[in-house]
Structure formats: structure tokens, C-alpha cells
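**Student:** With positions in the sequence shown counted from 1, the corresponding number in the working numbering is that position plus 11. Beta carbons: idealized from backbone N, C-alpha and C, even for Gly. Questions regarding the structure given below will be posed in turn.
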Amino acid sequence: MSDESPFAKLEALLKNHEDRIRSLEQRLKETERREKEKVEAPPVVHAPATPVAPAPPAAPKAPSIRQFMVEKAPTDDVQRTLVIGYFIEKHAEGKSFNAKDIEKGFVEAREKVPGNVSDKVLKNVWKGTMMQVQEDKDGMKAYVLTNAGTKLVDNGFK
């Protein structure tokens, strides 16, 4: 039995691994060199064929119902109901609103929803700040603000 045979096999295997490692190292260096050239190369900038007009200024964004509520500072649920109705008409582009719309407005404004929203709407009707319209909305009575109601909100309840 010869001891050289196993050693010869190990040496051949070791040489094979060293060659493979050397080859991988060369590939890695080549890849790093290419990446470095990409980073160092100045970017190619092409001039536009036609001049580009500046973007038009963005249209002013409508306030959120919460911001609007804070701005108008109503003091009770009847006034808050009026403010929400105003917001629906002016900023949410609603032609009319119903009690469900007002209730959703309270939620969106993060205000406590009154126990009886319809009652708050009716109190506004009695005060002359809202009025009922003939056509129903979603099977419910629909309302709009009167001129007096609009002016009251515009003037901050003064």
C-alpha cells in the first residue's frame, strides 16, 4: 500500500479548489472595476427637443371637514350640524344633504355624533338656517342651507 496515493488525490483536489477560487476572485475584481466605471462615468444628458413648459400651479386644496370645523369653531351640536351641511354643499359639492350625510360628517370631523341628528337638522330649519327641499336623497328628507345659514357660517357665527 502506498501512502502517496491519498496525498496525491488531496493535492490535486486542493489545486483544483485554488484554481476555482482564483477564477472567482478575478471575476469579482472585473465586476467591481465595471461598477466603479459606471459610478465614475458622467451621466449622459440629452436636451429636450422642445422646451418644456413649467407645470401649472396646483389648485388650492379644499380643507378637510375637520379643519373646517376647527376654523369655524361652532359652540353646540346645532351649529356643528350647520357647519357640516355648509361643508357638504360648498366643499364636497353636494347639492343637498340628509341626516345620514350629517352623521358621516360628524364622524369624519372626529366629533361626537349627537344622539338624534335629525333633531339638530330640524332645529336649524326652525331657526331659518336650513330648509327642506322637495326631492328626497337616498329615500330620506333632503336639506340645503338658506342664505341666512350660509352667512352665519361665513361670518363665524357672529
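Going by DSSP, what residues sit across from L156 in a beta bridge?
**Tutor:** Beta-bridge pairing links L156 to M141.
**Student:** Taking F79 as the reference, give the member of D112, E119, K106, E41 with the closest Cα.
**Tutor:** Nearest C-alpha to F79: E119.
**Student:** Using DSSP with H/G/I as helix, E/B as strand and the rest coil, what is D30?
**Tutor:** DSSP places D30 in helix when its eight states are reduced to three.
**Student:** Looking at C-alpha atoms only, which residue of K169, S34, I32, S75 is the closest neighbour of G116?
**Tutor:** Taking only the C-alpha atoms, the option nearest G116 is S75.
**Student:** To the nearest angstrom, how far is the alpha carbon of T42 from that of E29?
**Tutor:** Those two C-alpha atoms are separated by around 20 Å.
**Student:** Measure the C-alpha to C-alpha separation of K20 and E48 and round it to an integer number of angstroms.
**Tutor:** Between K20 and E48, the C-alpha separation is close to 42 Å.
**Student:** What does the alpha-carbon distance come out to for the pair K106 and L93?
**Tutor:** Each residue's Cα considered, the two are about 15 Å apart.
**Student:** In whole angstroms, what is the alpha-carbon distance linking V124 and P67?
**Tutor:** Cα to Cα, the separation comes out at about 40 Å.
**Student:** If you run the structure through DSSP and keep just helix, strand and coil, what is D182?
**Tutor:** For the chain, the structure presents residues 12 to 169; residue 182 sits outside this window and is missing.
**Student:** Using a threshold of 9 Å, state whether the C-beta atoms of K111 and M151 are closer than that.
**Tutor:** Against a cut-off of 9 Å, the Cβ pair of M151 and K111 comes out as a contact.
**Student:** Let's test the definition: count the other Cβ atoms within 10 Å of the Cβ of Q90 and tell me whether it reaches 16, buried, or not, exposed.
**Tutor:** Flag for Q90 reads buried.
**Student:** Measure the alpha-carbon distance for P17 versus L25 and round it to whole angstroms.
**Tutor:** Their Cα atoms are separated by approximately 12 Å.
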